[in-house]
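Okay, so here's the structure we're looking at.
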Amino acid sequence: MNLISMRETSKAFIEDILKTAKKHEKTAREKKVLSTLDDKTLGILFFEPSTRTRLSFQAAMRRLGGESIGFNDAHFSSSAKGETLSDTIRVVEGYVDAIVLRHSVEGAAARAAEVTTLPVINAGDGANQHPTQALLDLYTIQKEKGKLEGLTVVLAGDLKYGRTVHSLMYALSHFGCTIQLHCPPSLKMPESIVEEVRQKTTVEEVTDFTQADVVYATRVQRERFADPEEYQKSLYVIDADVMATLKKDAMLMHPLPRVQEITPDVDLDPRAKYFEQTFYGVPVRMAILETLMEGKNP
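As structure tokens, this is what we get:
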């Protein structure tokens with residue numbers, strides 16, 4: 013009934029979401045409206061900034077015929093007056109049929125799920141997890157590469173604080189992918205995640221992208237650093253020269269926003285798929301909303 017973490021999400025659920033998303037892609041692309049959830053209201057509670065996740069959830073709910081309410085700035089909610097997250101959830105559950113929550117605190121979505129019987133969807137909790145992003149990432153890879161099984165995927169950039177790559181690690185492990193990690197020493201993937209995923213598939217550290225079928229770049233997140241000097245040391249750039257080292261049929265992804273880690277000239281490279289990736293968030297989130305609001309479990 014909830015989607016909190018990819019760590020607890022089954023391969024069968026993932027495959028069901030991808031199959032349902034494929035069914036909805038034409039509707040999303042043509043901007044049509046169905047009646048699937050026309051009697052439902054989605055609560056979108058974002059305590060952290062968002063463009064793609066929030067708007068694609070709103071678009072997804074609209075495409076399914078439903079409505080959405082909520083806020084995208086905690087300063088305009090009662091949390092600014094000191095209201096606890098638990099109380100906010102208990103209040104909002106009286107207005108909606110499901111809740112999408114983004115919060116700066118790790119475990120916030122799990123806490124929300126403890127105090128409501130409504131479906132709770134984690135739209136990012138601190139540096140922990142972002143499961144709906146991982147699902148749209150898998151859908152993008154499957155669409156562009158024609159498969160998920162057996163690919164070599166490089167996760168690059170901020171692997172320590174990057175919740176998107178934490179979720180994607182668990183998701184890729186279901187499909188026998190070789191996962192390569194490319195990052196500064198200060199931003200390594202948490203060892204607990206590496207150890208767990210290594211029980212299911214190959215995980216290795218690399219210094220280049222030459223073997224990759226997929227390069228998944230991430231932003232080095234200034235907001236997660238207490239030390240500005242550490243942040244500056246961690247920056248990296250993918251430009252035309254780096255792209256020249258990739259295989260001809262490789263693809264470059266990024267959850268966005270980017271800052272300076274991918275130069276604008278790379279946008280012209282047909283292997284750059286990050287804008288297609290953002291679109292796929294709509295059919296995938298349509299699939300998630302339809303599935304969870306109809307009572308199926310991950």
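So the sequence shown is numbered by my numbering: it starts at 13 and just counts up by one.
Glycine included, each C-beta is placed from N, C-alpha and C at the ideal position.
Rounded C-alpha distance that separates residue i from residue j
{"i": "Val278", "j": "Asn84", "result": "31 Å"}
{"i": "Thr32", "j": "Ala299", "result": "5 Å"}
{"i": "Leu76", "j": "Leu49", "result": "5 Å"}
{"i": "Tyr151", "j": "Ser98", "result": "33 Å"}
{"i": "Glu37", "j": "Val249", "result": "32 Å"}
{"i": "Thr128", "j": "Glu203", "result": "32 Å"}
{"i": "Phe59", "j": "Val254", "result": "36 Å"}
{"i": "Ile16", "j": "Asp137", "result": "9 Å"}
{"i": "His186", "j": "Lys212", "result": "7 Å"}
{"i": "Glu20", "j": "Glu118", "result": "16 Å"}
{"i": "Arg74", "j": "Tyr107", "result": "17 Å"}
{"i": "Tyr182", "j": "Gly82", "result": "30 Å"}
Integer Cβ distance of residue i from residue j, believed to fall under 8 Å
{"i": "Cys189", "j": "Leu171", "result": "Rounded, the Cβ-Cβ distance is 16 Å, inconsistent with contact."}
{"i": "Thr290", "j": "Ala224", "result": "Incorrect: roughly 21 Å between the Cβ atoms, too far for contact."}
{"i": "Pro143", "j": "Met13", "result": "Contact doesn't hold; Cβ gap of about 14 Å is too wide."}
{"i": "Ser62", "j": "Arg114", "result": "6 Å"}
{"i": "Tyr292", "j": "Leu148", "result": "5 Å"}
CA nearest to the CA of residue i, picked from the options
{"i": "Ser80", "options": "Met181, Asp51 and Glu95", "result": "Asp51"}
{"i": "Val218", "options": "Ile205, Leu184, Gly169 and Leu264", "result": "Gly169"}
{"i": "Arg41", "options": "Ser68, Asp137 and Lys159", "result": "Ser68"}
{"i": "Arg283", "options": "Ser179, Val232, Asp251 and Ser185", "result": "Asp251"}
{"i": "Val232", "options": "Pro197, Arg19 and Glu208", "result": "Pro197"}
{"i": "Glu105", "options": "Ala146, Gly136 and Leu57", "result": "Leu57"}
{"i": "Leu304", "options": "Leu54, Val271 and Asp253", "result": "Leu54"}
{"i": "Gly174", "options": "Met263, Glu156, Thr230 and Thr213", "result": "Thr230"}
{"i": "Lys285", "options": "Leu301, Gln272, Ala262 and Val296", "result": "Ala262"}
According to DSSP, residues forming a beta bridge with residue i
{"i": "Leu82", "result": "The sequence shown places Gly at residue 82, not Leu. Per DSSP, Ile56."}
{"i": "His115", "result": "Asp137"}
{"i": "Glu288", "result": "Beta-bridge pairing links Glu288 to no other residue."}
{"i": "Gln192", "result": "Val166 and Glu216"}
{"i": "Leu15", "result": "Ile133"}
{"i": "Ala110", "result": "Leu54"}
{"i": "Met313", "result": "The structure shown has nothing for residue 313, since the chain only spans 13 to 310."}
{"i": "Ile250", "result": "Ile274"}
Residue range of the unbroken beta strand (DSSP E) whose run includes residue i
{"i": "Val271", "result": "Here Val271 belongs to no beta strand (DSSP E), and DSSP marks it neither H nor E."}
{"i": "Thr39", "result": "Run containing Thr39: none in the beta strand (DSSP E); it sits in the alpha helix (DSSP H), Lys23 to Arg41."}
{"i": "Tyr228", "result": "Val226 to Ala229"}
Element boundaries [alpha helix (DSSP H), containing residue i]
{"i": "Val311", "result": "A query on residue 311 cannot be resolved here, the shown segment of the chain reaching from 13 to 310 and no further."}
{"i": "Ala122", "result": "Ala120 to Glu126"}
{"i": "Leu150", "result": "Pro143 to Lys157"}
{"i": "Tyr182", "result": "Arg175 to Ser185"}
{"i": "Phe69", "result": "Arg64 to Arg75"}
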